[in-house]
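Asker: Protein chains in written order, with our numbering: chain Y, 1198 to 1804; chain S, 231 to 528.
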Amino acid sequence: MTTQTTASETPTPASGMPAGLIGLPPKTGLALALGGSVLTIISTFLAWTWTAAFPGKLTIYGYPGGLQVLVLIGGALATLFCLARYGVKGLGWLVPAGADAAIKFATLATFATSWYTVLAISVDLGGLVNLEPGGYLVAVASLAALLGALALPFERPEPDPIDPDDTGWELFKHQARYKWETVKAVFASGTPRRVGKLSSFVEILIIVAVMAIGLTVFTYGIGTEYDELFIGFMITAGFGFAALNKSGLVAQASQITARHQNITICGAFVAAAMFPFTQTDDQYATIGVYILIFATVALGLNIVVGLAGLLDLGYVAFLGVGAYAAALVSGSPSSPFDVHFPFWAAVIVGALASLVFGVLIGAPTLRLRGDYLAIVTLGFGEIFRITVNNLDGTSGPDLTNGSNGISSIPNLNILGFDFGIEHTIAGFTIGRFANYFFLMLLITAVVVLVFRRSGDSRIGRAWVAIREDETAALAMGINGFRVKLIAFALGAALAGLAGTVQAHVTYTVTPEQYLFAGVIPPNSAFLLAAVVLGGMGTISGPLVGAALLFLIPNKLQFLGDYQLLAFGLALILLMRFRPEGMIPNRRRQLEFHEEAEAPTVLTKAGA
Amino acid sequence: MTTDTTTKVVPTGETVLDARGVTMRFGGLTAVRNVDFTVNAGEIVGLIGPNGAGKTTFFNCLTGLYIPTEGEVRYKGNVLPPKSFKVTAAGIARTFQNIRLFANMTVLENVLVGRHTRTKEGLWSALLRGPGFHKAEAASRERAMELLAFVGLDSKAEHLARNLPYGEQRKLEIARALASEPGLLLLDEPTAGMNPQETRATEELVFAIRDKGIAVLVIEHDMRFIFNLCDRVAVLVQGEKLVEGDSATVQGDERVVAAYLGEPFEDAPGKDEVAEVEAAEAHAEAATDAAPGKENDR
Chain Y
1198 MTTQTTASET PTPASGMPAG LIGLPPKTGL ALALGGSVLT IISTFLAWTW TAAFPGKLTI
1258 YGYPGGLQVL VLIGGALATL FCLARYGVKG LGWLVPAGAD AAIKFATLAT FATSWYTVLA
1318 ISVDLGGLVN LEPGGYLVAV ASLAALLGAL ALPFERPEPD PIDPDDTGWE LFKHQARYKW
1378 ETVKAVFASG TPRRVGKLSS FVEILIIVAV MAIGLTVFTY GIGTEYDELF IGFMITAGFG
1438 FAALNKSGLV AQASQITARH QNITICGAFV AAAMFPFTQT DDQYATIGVY ILIFATVALG
1498 LNIVVGLAGL LDLGYVAFLG VGAYAAALVS GSPSSPFDVH FPFWAAVIVG ALASLVFGVL
1558 IGAPTLRLRG DYLAIVTLGF GEIFRITVNN LDGTSGPDLT NGSNGISSIP NLNILGFDFG
1618 IEHTIAGFTI GRFANYFFLM LLITAVVVLV FRRSGDSRIG RAWVAIREDE TAALAMGING
1678 FRVKLIAFAL GAALAGLAGT VQAHVTYTVT PEQYLFAGVI PPNSAFLLAA VVLGGMGTIS
1738 GPLVGAALLF LIPNKLQFLG DYQLLAFGLA LILLMRFRPE GMIPNRRRQL EFHEEAEAPT
1798 VLTKAGA
Chain S
231 MTTDTTTKVV PTGETVLDAR GVTMRFGGLT AVRNVDFTVN AGEIVGLIGP NGAGKTTFFN
291 CLTGLYIPTE GEVRYKGNVL PPKSFKVTAA GIARTFQNIR LFANMTVLEN VLVGRHTRTK
351 EGLWSALLRG PGFHKAEAAS RERAMELLAF VGLDSKAEHL ARNLPYGEQR KLEIARALAS
411 EPGLLLLDEP TAGMNPQETR ATEELVFAIR DKGIAVLVIE HDMRFIFNLC DRVAVLVQGE
471 KLVEGDSATV QGDERVVAAY LGEPFEDAPG KDEVAEVEAA EAHAEAATDA APGKENDR
């Protein structure tokens, strides 16, 4: 089957042009790609440098460590794709959309990671002399593999005819555009064939495997201990995912998961619940619980922004209301109320307080549309923060302890389970943050459930209708204001829910946690970015977006002051090249569509 | 042929829509002046007029987008509420001149949105998903599919609305409006941009809707369509109702012809004006001749 697909892609040699980007015969190119990838794999078992001054144990023969593991994975992926391209039996399923683009991306991943490593070693230790033979070998081998892959044939786009009247600048633009088209064509891939109906047992096994891979990759990313490893991880994961995407495996996996939505969601939660068990200490569970808080709030915002289309720039205030409400009734010594509510009551208080604020803020502002709503919500978000800052007993009544915040919030204790101490479950030590991780996961599950159920109902359709065309929605008998207010209040209540847990996780709530924009998520700007980046109107989009937006700044702290700049640049690039977000809102009916219609829908549905 | 069939259907006489002395002023401008207008059950009524005659303003008074400055509009004896969603709930549904579908929703979802006023399930029901919720959803879906079958779109229920061809988008908009179970359907230029075959199909569709017992009010520029379709036609000129009656009456009325084509001035245009017009025409022709030539250059 694979040979058929690839053969049809090969252009006729009669065209007289070199078939690949590089003037090598395709057969040589493929051999080079395969050879280079195999050599890359071998080189990861050699030492790359002589001293342990560069982190990651790159000095040991026969045992890949740190960045070598990443290169090894990239090389293995490239090798597998090359073998599938050769038509090796049993590997055809790897490349349902054709192997060429996948090989190109896989070799690119390997090349980028290994050259990054080699350069990092040279720069860190001061000179190429610090490389051992393995380092040279991997550089040469991965470069050879990439060049070989680029020699693979592709369909060149037809150049537009040149207008003789064009000025030099226009000519330059014309050529640049053609070159860009060519580069895009090099990495273009066919449409994957549809997955046939497998037995549901096999399909569920595939889902489990996908979840396991996802958990492994995520855990590895969280656990990267030094900057170089995280950057290498991002490079490998990014290009590696692109390779899998181009091979068509991602499309097939999403077809299968779409068939078993409930199982996929349960599987994702089980995989997430496994995360603390993969950790030996509480260090990374901290990151995990913060990611979950951020992601849950982003998902709540997705109801407001993604479904109802209301641009809310002050959403973090509702998280703050929930957190303050829970903190005030938590029995903290700095709370003016001398009460200690049980957790369930605190959750209700927090969610209700946010709900009330949501209605109070929504009622006047939701009469506005579009940009005006965004500005007003931005204002209310700041008003919340400043008000809380001033309720300190001097500028106003003593309620929130001003900028000091409410501190020493006691740990939760639900049914005798103390969240503040370590527990041992089945031989695994579950620390404080891991405890909260599980609690937060429960809250996330509630929010996911609310999102799914409300989205797929009369009220959810009304939200989407309002987002699509408010005038038409009104003409269809939808009470726009009321429906928008429900979305706003529901979103606020969900954020408040997350806030109640956040207050206990962070020990202290201060006004400065609830900024419009700041380096540490969650803040309103980052929340909105997570929703847009991940994909509006989807469940997994904001979760993935929030995980990335938390992890990247957290791991790239060496960027220091340039962190926000780099982050902004990355956002601009992503929005330029993938405006629909990382996980676009594939409408369900795509399942039933002819393939010809699918692409137009795919690119636009989420945007 | 078609006119024959229309005249045979005798309206039942019950007044569905009753506008009395409707006047709409925007500052100093009077867009609609003292218009009386009724639609009876089982009737198809047309509203025509030259551009700027106040048709759309009048239409907006009927759909609750505007509240008339003077006069009142009654639907089945009750004064229309001042909000457009309440008007729909009361039983007047409309379509739009420029199609306003929910482009990123499926065809079925579009019709389901139209069912909004006829279903009651709120947020709690959606979150708790009791048996009532599933029952109501299933009933809504069934009804929506019936309507899609009625307009001939049932095979495309799962397509995105944006992917439908133009004529089918118009049909879908009508199906969506029908989903609110209206007693009166307002169609704003339903055949704009359609070819003759599609216009014919729309005509049949409107007759089928009338046969369901729904009164229809049509605004349209396509005179043949209007005169084939309507039991009664009202002509609106400069905000005032000029004439009302069956197609023959309206077509034969000199004032209508004058309103559309203009009438000679007291003194007929002088030679200067004629020459000016001819010069302008010649100039325009020269311009249109030049345009394709320019394209050929490229």
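From the three backbone atoms N, C-alpha and C, an ideal C-beta is built for every residue, glycine too.
Once you ignore the five residues that flank P522 of chain S on each side, which residues in its own chain have a CB closer than 8 Å to its CB?
Answerer: Its pLDDT being 47, under 50, P522 of chain S is placed unreliably by the model, and the measurement read from it follows with that caveat. Hits under 8 Å: none found.
Asker: Per DSSP, F1723 of chain Y forms a beta bridge with which residues?
Answerer: Looking at the DSSP assignment, F1723 of chain Y forms no beta bridge with any residue, so it has no partner.
Asker: Buried or exposed for S477 of chain S, please, with buried defined as at least 16 other CB atoms from any protein chain shown within 10 angstroms of its CB.
Answerer: Result: buried.
Asker: Could you tell me whether the segment 1483–1497 of chain Y touches the segment 1660–1674 of chain Y, where touching means 3 or more Cβ pairs closer than 8 Å?
Answerer: Verdict: no, contact absent.
Asker: Is L1277 of chain Y a contact residue of the ligand MN, with contact defined as CB to any heavy atom under 8 Å?
Answerer: Although the ligand MN was asked about, the structure shown includes no ligands whatsoever.
Asker: Kindly list, in the order they appear in chain Y, the residues whose Cβ is closer than 7 Å to that of T347 of chain S.
Answerer: Residues of chain Y passing the Cβ test: G1674.
Asker: Less than 9 Å separating the beta-carbons of D461 of chain S and T325 of chain S?
Answerer: The answer is no: Cβ separation not under 9 Å.
Asker: Starting from T1364 of chain Y, find everything on chain S with Cβ-Cβ shorter than 7 Å and list it in chain order.
Answerer: Under the 7 Å cutoff, chain S gives no residues; its nearest Cβ is about 16 Å from T1364 of chain Y.
Asker: In three-state DSSP terms, what is L247 of chain S?
Answerer: In the structure shown, L247 of chain S sits in a strand (DSSP, three-state: E or B).
Asker: Taking Cβ positions only, does R462 of chain S come closer than 9 Å to chain Y?
Answerer: By this cut-off, R462 of chain S is not an interface position.
Asker: Going by the CB atoms, is the gap between M1431 of chain Y and V1467 of chain Y shorter than 9 Å?
Answerer: Not a contact, by the Cβ cut-off of 9 Å.
Asker: Do the segment 1335–1348 of chain Y and the segment 1299–1308 of chain Y make contact, defined as three or more Cβ pairs closer than 8 Å?
Answerer: Touching, yes.
Asker: Is I532 of chain S near V436 of chain S, with beta carbons less than 9 Å apart?
Answerer: Residue 532 of chain S is absent from the structure shown; chain S starts at 231 and stops at 528.
Asker: Would you mind stating whether V1680 of chain Y and A1505 of chain Y have Cβ atoms separated by less than 9 Å?
Answerer: Yes, the Cβ-Cβ distance between V1680 of chain Y and A1505 of chain Y is below 9 Å.
Asker: Please report the Cβ distance between Y296 of chain S and M254 of chain S, rounded to the nearest whole angstrom; I am assuming they are in contact, meaning their Cβ atoms lie under 8 Å.
Answerer: Contact flag correct, Cβ pair sits at about 6 Å.
Asker: If we define contact as Cβ-Cβ less than 9 Å, is E1665 of chain Y a contact residue for chain S?
Answerer: Yes, because at least one Cβ of chain S sits closer than 9 Å to the Cβ of E1665 of chain Y.
Asker: Give me the chain S residues within the contact set of A1669 of chain Y, using Cβ-Cβ distance strictly less than 8 Å, ordered along the chain.
Answerer: Within 8 Å Cβ-Cβ: F326, R330, L331, F332.
Asker: Going along the chain, which residues of the segment 285–298 of chain S sit with their C-beta nearer than 8 Å to a C-beta in chain Y?
Answerer: Against chain Y - using a Cβ distance shorter than 8 Å - the residues of the segment 285–298 of chain S are T293.
Asker: If you reduce the DSSP assignment to three classes, tell me which class S1527 of chain Y lands in.
Answerer: Of the three classes helix, strand and coil, the one that applies to S1527 of chain Y here is strand, per DSSP.
Asker: Starting from the C-beta of G1420 of chain Y, find all residues in its chain whose C-beta is less than 7 Å away, skip the five residues before and the five after it, and write them out in chain order.
Answerer: Only Y1481 meet the Cβ criterion.
Asker: Check for me: the beta strand (DSSP E) holding Y305 of chain S runs from which residue to which?
Answerer: From DSSP, the beta strand (DSSP E) with Y305 of chain S extends over 300–305.
Asker: The segment 1673–1704 of chain Y: which residues have C-beta closer than 8 Å to a C-beta of chain S, in chain order?
Answerer: Result list: M1673, G1674, I1675, N1676, G1677, I1683, L1687.
Asker: Is the Cβ of D1653 of chain Y closer than 9 Å to any Cβ of chain S?
Answerer: So, interface residue.
Asker: Residues of chain Y with CB closer than 8 Å to the CB of F380 of chain S, please, in chain order.
Answerer: In chain order: nothing, as chain Y lies at least about 18 Å away.
Asker: Going straight from the alpha carbon of F1755 of chain Y to that of S1234 of chain Y, what length do you get?
Answerer: If you take the alpha carbons of F1755 of chain Y and S1234 of chain Y, they lie about 32 Å apart.
Asker: What number of angstroms, rounded off, separates the C-alpha of G1418 of chain Y from the C-alpha of R406 of chain S?
Answerer: About 49 Å.
Asker: Evaluate D1297 of chain Y with the Cβ neighbour count: other Cβ atoms within 10 Å of its Cβ, from every protein chain shown; 16 or more gives buried, anything less gives exposed.
Answerer: Buried: at least 16 other Cβ atoms inside 10 Å.
Asker: For V1383 of chain Y, collect the residues of the same chain with a Cβ closer than 6 Å to its Cβ; drop the 5 residues on either side in sequence, then sort them by chain order.
Answerer: Around V1383 of chain Y: L1218, F1351.
Asker: Closer than 9 Å by beta-carbon distance: list the chain S residues that pair up with G1418 of chain Y, in chain order.
Answerer: Near G1418 of chain Y there are no residues of chain S at all, since even the closest Cβ is about 33 Å away, more than 9 Å.
Asker: Use the C-beta contact count for F1515 of chain Y: other C-beta atoms within 10 angstroms, 16 or more gives buried, fewer gives exposed.
Answerer: By the neighbour-count rule (16 or more Cβ atoms within 10 Å), F1515 of chain Y is buried.
Asker: Going by DSSP, which residues form a beta bridge with G475 of chain S?
Answerer: Answer is S:V463, bridged to G475 of chain S.
Asker: Compare the Cα-Cα distances from P412 of chain S to each of S:I439, S:V504, S:R263 and report the closest residue.
Answerer: Comparing Cα positions, the closest option is S:I439.
Asker: How close, in whole Å, do the beta carbons of G276 of chain S and V262 of chain S come, if the pair is a contact with beta carbons under 8 Å?
Answerer: That belief does not hold up - the Cβ atoms of G276 of chain S and V262 of chain S are roughly 17 Å apart, past 8 Å.
Asker: Does chain S have any CB closer than 9 Å to the CB of I1640 of chain Y?
Answerer: So no, I1640 of chain Y is outside the interface.
Asker: Are the segment 1277–1284 of chain Y and the segment 1247–1259 of chain Y touching, with three or more C-beta to C-beta distances below 8 Å?
Answerer: They do not touch, by the three-pair rule.
Asker: Run through the segment 1574–1653 of chain Y for me and flag every whole beta strand (DSSP E) of 3 or more residues, listed as ranges in chain order.
Answerer: Segments of the beta strand (DSSP E) lying fully in the segment 1574–1653 of chain Y: 1620–1622, 1625–1627.
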